[in-house]
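A short worksheet on the structure shown next.
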Amino acid sequence: MEPVDKEERFSWKAATVIMLLLSLFALTMTLLGMNPFTLLFNVALVYLPTVILLGSTLFKRTKQSS
Numbered sequence: 649m650e651p652v653d654k655e656e657r658f659s660w661k662a663a664t665v666i667m668l669l670l671s672l673f674a675l676t677m678t679l680l681g682m683n684p685f686t687l688l689f690n691v692a693l694v695y696l697p698t699v700i701l702l703g704s705t706l707f708k709r710t711k712q713s714s
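Going by our numbering, the sequence shown opens with residue 649, and the numbers climb by one from there.
Here it is as structure tokens:
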């Protein structure tokens with residue numbers, strides 16, 4: 649497996665943090681009843697990419713530790 653450079657690692661971390669913040673914002677707005685987006689938009693462009701990013705990060709960590 650190829651070593652991952654610092655820039656790529658930083659890029660993945662930044663993308664994960666941004667998507668988590670966007671997910672938190674969308675969830676908060678939904679709970680407050682002020683959601684400006686449709687449910688399909690939230691699932692397709694907010695929650696699903698966040699799950700993929702988190703899943704790939706966890707998968708990498710478990711793969712590296714074993």
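In this text, a Cβ means the ideal position worked out from N, Cα and C, and glycines have one as well.
| query | For valine 694 versus leucine 670, is the C-beta distance shorter than 7 Å? | reply | Start at 1 with the first residue of the sequence shown, and residue 694 comes out as number 46. Start at 1 with the first residue of the sequence shown, and residue 670 comes out as number 22. It is a contact, given that the beta carbons lie within the stated cut-off.
| field | Sequence-distant residues of its chain with Cβ nearer than 6 Å to valine 691 (five each side left out) | value | Here the question's residue 691 lines up with position 43 in the sequence shown. If we look at valine 691 and ignore the five residues flanking it on each side, it has no Cβ neighbours.
| Any chance the region 680-691 sits against the region 702-712, with 3 or more Cβ pairs inside 8 Å? | no
| task | Would you mind giving the Cβ-Cβ distance between alanine 663 and leucine 701, rounded to the nearest angstrom? I have them listed as a contact below 8 Å. | result | In the sequence shown, residue 663 corresponds to position 15, counting from 1. In the sequence shown, residue 701 corresponds to position 53, counting from 1. So it is a contact: roughly 6 Å between Cβ atoms.
| message | If I follow the unbroken alpha helix (DSSP H) through phenylalanine 689, where does it start and stop? | response | If you number the sequence shown from 1, residue 689 lands on position 41. Residues 687-690.
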